[in-house]
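Peer 1: Top line first, the protein sequences correspond to chains A and B.
Under the numbering used here, the first sequence has 165 at position 160, and the numbering climbs by one with no breaks.
Under the numbering used here, the second sequence has 279 at position 274, and the numbering climbs by one with no breaks.
Below is the structure I would like to discuss, written out as structure tokens.
Protein chains: 2
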Amino acid sequence: MGGRRDRRPTIVDVARKAGVSKSLVSLVMRGASNVSEASRQAVLEAAQELGYRPNAMARSLVQQRSFVIGVMVSDLSNPFFIDVIQGATEAAREAGYRALVNTGGRQKDNEEDAIETLVRLQVDGLVLAGSIVDAQFIERVGAEVPTVITNRHSRSKVIDSIVIHDRKGAAMAVDHLVGLGHRKIVHITGGRGAGARNRLNGYRQAMKRHGLEEEIRVVAGAYTEKGGAEGVARLVDEGVEFTAILAPNDLAALGVLEALNARGFRVPEDVSVVGYDDTFLAGLGHIDMTSVRQDARQMGAQAVEMLIERADGQRTTTDHIVLEPTLTIRSSTAPPPH
Amino acid sequence: MGGRRDRRPTIVDVARKAGVSKSLVSLVMRGASNVSEASRQAVLEAAQELGYRPNAMARSLVQQRSFVIGVMVSDLSNPFFIDVIQGATEAAREAGYRALVNTGGRQKDNEEDAIETLVRLQVDGLVLAGSIVDAQFIERVGAEVPTVITNRHSRSKVIDSIVIHDRKGAAMAVDHLVGLGHRKIVHITGGRGAGARNRLNGYRQAMKRHGLEEEIRVVAGAYTEKGGAEGVARLVDEGVEFTAILAPNDLAALGVLEALNARGFRVPEDVSVVGYDDTFLAGLGHIDMTSVRQDARQMGAQAVEMLIERADGQRTTTDHIVLEPTLTIRSSTAPPPH
DNA sequence: TGATTCTGTTGGAACGTTCCAACAAGCGGG
DNA sequence: CCCGCTTGTTGGAACGTTCCAACAGAATCA
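Following this line, the structure appears as structure tokens:
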């Protein structure tokens with residue numbers, strides 16, 4: 006029992022057992038067409054009996070191709086990225102590739118390390134989802150392996166990017182609120198997070214467009230529940246008046262809801278709240294929050310498709326794709342009081 | 006620009022450029038001690054200039070060691086597993102390993118495929134988190150690579166396991182509710198999910214222990230929001246009376262909260278609700294739900310530590326670890342009405 | 001001085017695959 | 001009967017590393 010350390014059987018072991026050459030075993034394992042039925046059976050049987058599994062590393066070494074797509078995701082606790090991963094995983098599988106995920110936990114060093122690990126493993130392509138590492142570092146990596154970066158603008162000549170139009174998304178949220186009659190609309194920012202800057206600009210521009218330049222109010226926050234709650238605390242401390250809040254993402258919006266609740270504001274009767282990303286959190290019946298929708302799944306899938314296109318040599322130019330956001334209206338927004 | 010396809014530089018290229026042998030380059034890259042300062046500098050410089058990165062596959066091939074731990078996680082949308090991943094990632098990093106994640110999306114075929122991929126990549130160890138594949142399949146894998154399975158009981162002689170005492174956890178929830186004065190406590194099950202059976206048994210036994218055998222009421226559910234909501238629907242349809250609900254996990258508990266809310270029940274005034282896993286969802290200020298705590302992070306970390314112990318050959322026996330759950334009491338539980 | 005140890009360096013053999021040129025056997029056609 | 005073609009099969013070279021036994025030269029020792 007526990008016959009673990011007996012060293013895994015190799016293609017040569019199978020060949021010996023089946024009484025053929027290793028080349029033939031290789032052919033059978035890859036499903037080649039011109040192999041006699043007799044040999045095929047003998048090989049398969051021997052492989053079965055020995056519990057043989059091809060060594061993917063040895064294979065990639067000679068093929069110069071691993072059929073693995075590496076996905077480096079900045080923050081696993083953000084449901085948005087989970088959807089990106091699932092989209093990527095599925096698309097990879099459909100194309101005969103596998104997606105492997107590595108995370109850096111929003112720490113620069115660890116993210117670099119995670120990326121480095123994947124590159125050394127000779128992945129055929131790399132998806133960087135919301136990474137915070139330097140553009141310079143990414144550029145170097147991109148020179149070696151096809152890379153797509155998501156949720157972060159890039160003008161690189163080497164690296165593809167795929168983002169969702171953040172400025173437009175924020176503007177849609179403002180439009181919706183103004184349409185309901187709100188004027189005192191404030192924005193809690195996402196700090197240095199990916200895309201936060203553009204969401205802020207979108208808010209500003211939309212406010213101006215509606216002639217509400219005077220009403221623009223912005224406080225610092227972050228892409229976390231805590232960031233949202235602190236934003237509300239700042240607003241209240243500074244005595245800012247508001248009837249609607251645009252949060253930088255859903256997680257922060259949850260913090261906003263909580264903080265408002267703790268201070269006796271009712272949502273949406275007293276204050277309307279809009280989230281961003283439209284993750285499953287926003288859809289939870291108990292929360293049911295209006296949120297700007299980004300199709301994370303599609304983003305992940307598309308990123309992988311772009312990589313495979315490159316890996317197959319079908320494309321040599323660089324692409325920068327911008328997807329359109331939509332607005333999912335739920336019950337956290339309503340006309341302002343009186 | 007875009008000098009991608011120039012073939013990556015190898016150790017030989019570096020050697021040539023530095024005017025030394027490839028062996029020496031290898032020594033420098035691995036930080037060996039007895040290398041002259043002059044050679045070291047020359048090699049590092051050449052490597053830097055060429056943008057050389059060691060090929061991890063070639064390395065593992067000869068070392069018979071990849072320093073990669075594979076983590077196959079059943080369901081990425083369950084926040085519980087995210088914590089397992091994070092614990093595993095961190096523990097691996099501390100030990101000089103890397104964790105790579107692959108998911109099967111709760112589909113048997115895909116899970117098997119995900120596991121197979123990792124094994125072929127010659128991972129040094131495998132963590133199976135909440136996997137639903139056959140015990141037989143797992144057993145075969147375990148014979149080849151050190152494997153730890155979590156959240157699922159195992160008596161295997163080959164595979165380590167690490168679970169949290171589900172029976173005890175469910176019992177703690179019942180104890181808490183009974184302590185508050187509840188008698189009509191119902192359980193919505195987790196269906197065929199990992200550990201669901203034991204949670205059900207824990208509920209039953211605890212009810213008996215409190216002399217509430219007559220009050221035992223069980224309806225089918227699942228480890229999803231939908232599963233929880235459907236459970237409530239069944240309870241109401243069947244006209245079951247209850248003052249407290251034990252959900253199979255947090256996600257389901259959210260569905261329960263929503264369904265109760267929709268039917269005009271107030272929580273906790275009319276009905277108390279207890280979740281399971283104590284994920285960040287339960288802690289969200291807006292939800293603030295009592296939940297049985299399982300330390301997922303620690304579980305992930307411990308799994309990796311067990312694997313590395315094995316990989317280093319420090320241990321040849323099989324371990325089956327049972328962790329203790331605790332109860333996090335929040336505001337979704339209170340004494341029953343009147 | 002000659003033997004011994006230490007320091008730094010080296011080439012070739014592995015690791016487990018795939019690729020490729022080459023071949024043997026069988027077959028049909030002239 | 002020989003030629004060319006097809007069908008299966010093969011051994012050796014490659015992939016990019018690490019390992020290992022072996023070395024040259026300097027330093028140490030008796």
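For glycine and all other residues, C-beta sits at the position ideal for the given N, C-alpha and C.
The model shown is predicted, which means the values in this text are computed figures rather than measured ones.
CA-CA distance, B/HIS343 and B/GLY216?
Peer 2: Distance between the alpha carbons of B/HIS343 and B/GLY216: 21 Å.
Peer 1: Could you pull the start and end residues of the alpha helix (DSSP H) that B/ARG202 belongs to?
Peer 2: Per DSSP, B/ARG202 belongs to the alpha helix (DSSP H) from 201-214.
Peer 1: At a Cβ cut of 7 Å, what residues of the stretch 82-95 of chain A count as close to chain B, listed as they run along the chain?
Peer 2: Cβ contacts with chain B: SER82, ILE87, ILE90, GLN91 and THR94.
Peer 1: Pick out whichever of B/ALA238, B/LYS189 and B/VAL168 has its Cα sitting closest to the Cα of B/ARG204.
Peer 2: Measuring from the Cα of B/ARG204, the nearest candidate turns out to be B/VAL168.
Peer 1: With 16 as the cutoff for other CB atoms within 10 Å, does B/GLU116 come out buried or exposed?
Peer 2: By the 10 Å Cβ count, B/GLU116 comes out buried.
Peer 1: Check whether the stretch 110-124 of chain A touches the stretch 133-146 of chain B, taking contact to mean three or more Cβ pairs, one atom from each stretch, closer than 8 Å.
Peer 2: Segments in contact, no.
Peer 1: Would you please state the rounded distance, in angstroms, between the beta carbons of B/MET294 and B/ARG335? I believe it to be under 8 Å.
Peer 2: B/MET294 to B/ARG335, Cβ: 6 Å. Contact.
Peer 1: From A/LEU265 to B/LEU256, what does the alpha carbon distance come to, in whole angstroms?
Peer 2: Taking the straight line joining both Cα atoms gives about 24 Å.
Peer 1: Unbroken alpha helix (DSSP H) runs of length 4 or more, entirely within the stretch 88-148 of chain B: which are they?
Peer 2: Complete alpha helix (DSSP H) runs here, min 4: 113-125 and 140-147.
Peer 1: With 7 Å set as the bound, which would you pick, yes or no: does the beta-carbon of A/PRO14 sit closer than that to a beta-carbon of chain B?
Peer 2: Not closer than 7 Å to any Cβ of chain B, the Cβ of A/PRO14 fails to qualify, so no.
Peer 1: Which residue's Cα is closest to the Cα of B/VAL223: B/LYS113, B/ARG239 and B/GLY184?
Peer 2: If we check each option's Cα against that of B/VAL223, B/ARG239 comes out closest.
Peer 1: Drop a sphere of 10 angstroms on the beta-carbon of A/ALA51, count the other beta-carbons inside from all chains shown, and report buried for 16 or more, exposed for fewer.
Peer 2: With 16 or more other Cβ atoms within 10 Å, it is buried.
Peer 1: Report yes if the CB atom of B/THR323 is closer than 7 Å to the CB atom of B/ASP165, and no otherwise.
Peer 2: Result yes, Cβ atoms of B/THR323 and B/ASP165 sit closer than 7 Å.
Peer 1: List, in order along the chain, the chain A residues whose C-beta lies closer than 9 Å to that of B/ARG145?
Peer 2: The contacting residues are GLY56.
Peer 1: For the stretch 288-318 of chain B, which residues have a CB atom closer than 7 Å to at least one CB atom of chain A, in sequence order?
Peer 2: Residues LEU289, GLY290, HIS291 and ILE292.
Peer 1: On the criterion of 16 or more Cβ atoms from any shown chain inside 10 Å, does A/ARG12 qualify as buried, or is it exposed?
Peer 2: The residue is exposed, with fewer than 16 neighbouring Cβ atoms inside 10 Å.
Peer 1: Would you mind sorting B/GLN127 into buried or exposed? The rule is 16 or more other CB atoms within 10 Å of its CB.
Peer 2: So B/GLN127 counts as buried.
Peer 1: Return the chain-ordered ranges of every beta strand (DSSP E) run that is complete within the stretch 160-198 of chain A and spans a minimum of 3 residues.
Peer 2: Correct list: 165-169 and 190-193.
Peer 1: Any beta-carbon of chain A closer than 7 Å to the one on B/ASN107?
Peer 2: Chain A contact via Cβ: present.
Peer 1: Taking the straight line between their C-alpha atoms, what separation do you get for A/ALA225 and B/GLN53?
Peer 2: The alpha-carbon atoms of A/ALA225 and B/GLN53 are separated by roughly 40 Å.
Peer 1: List the residues of chain A whose Cβ lies closer than 8 Å to the Cβ of B/ASN60, in chain order.
Peer 2: Under the 8 Å cutoff, chain A gives LEU66, ARG125 and GLN127.
Peer 1: Given that a residue counts as buried once 16 or more other Cβ atoms are within 10 Å of its Cβ, and exposed if not, what is A/SER28?
Peer 2: Under this definition A/SER28 is an exposed residue.
Peer 1: Along chain A, which residues have their Cβ under 7 Å away from the Cβ of B/ALA63?
Peer 2: In chain order: LEU66.
Peer 1: Tell me the DSSP secondary structure of B/ALA225 in three-state form.
Peer 2: Coil, per DSSP.
Peer 1: Hey, would you say B/VAL106 sits closer than 7 Å to B/VAL132, going by beta carbons?
Peer 2: Not closer than 7 Å, so no.
Peer 1: Taking DSSP as the reference, what is the three-state secondary structure of A/ARG21?
Peer 2: Helix, per DSSP.
Peer 1: Measure the alpha-carbon distance for B/ILE193 versus A/ASN206 and round it to whole angstroms.
Peer 2: B/ILE193 and A/ASN206: Cα-Cα distance of roughly 47 Å.
Peer 1: Take the Cβ of B/ASN254 as the centre, count every other Cβ of all protein chains shown within 10 Å, and call the residue buried at 16 or more, exposed below.
Peer 2: Buried is the call here.
Peer 1: Taking beta-carbon pairs under 8 Å, can you tell me which members of the stretch 219-230 of chain A lie near chain B?
Peer 2: Within the stretch 219-230 of chain A, the residues whose Cβ lies closer than 8 Å to some Cβ of chain B are GLU230, listed in chain order.
Peer 1: Residues in the stretch 240-269 of chain A with C-beta within 9 Å of chain B's C-beta atoms, listed in sequence order?
Peer 2: Hits within the stretch, in order: LEU259, GLY260, LEU262, GLU263, ALA264, ASN266 and ALA267.
Peer 1: Can you pull the chain A residues whose beta carbon is under 7 Å from the beta carbon of B/THR122, in chain order?
Peer 2: Here the neighbours are ARG103.
Peer 1: Leaving out five residues before and five after B/PRO59 in sequence, what residues of the same chain have Cβ atoms less than 8 Å from its Cβ?
Peer 2: Excluding residues within five positions, the ones whose Cβ falls inside 8 Å are ILE16 and MET34.
Peer 1: To the nearest angstrom, how far is it from the Cα of B/ALA175 to the Cα of B/GLN141?
Peer 2: Each residue's alpha carbon lies about 29 Å from the other.
Peer 1: Relative to chain B, which residues along the stretch 132-161 of chain A have a C-beta separation below 9 Å, given in chain order?
Peer 2: Under the 9 Å Cβ criterion, the stretch 132-161 of chain A contributes ARG145, GLY147, ALA148, GLU149, VAL150 and PRO151.
Peer 1: For the beta strand (DSSP E) containing A/MET294, list its first residue and its last residue.
Peer 2: Careful: A/MET294 lies outside any beta strand (DSSP E) and carries neither H nor E.
Peer 1: Mind pulling the chain A residues with CB within less than 8 Å of B/GLY236?
Peer 2: Under the 8 Å cutoff, chain A gives no residues; its nearest Cβ is about 14 Å from B/GLY236.
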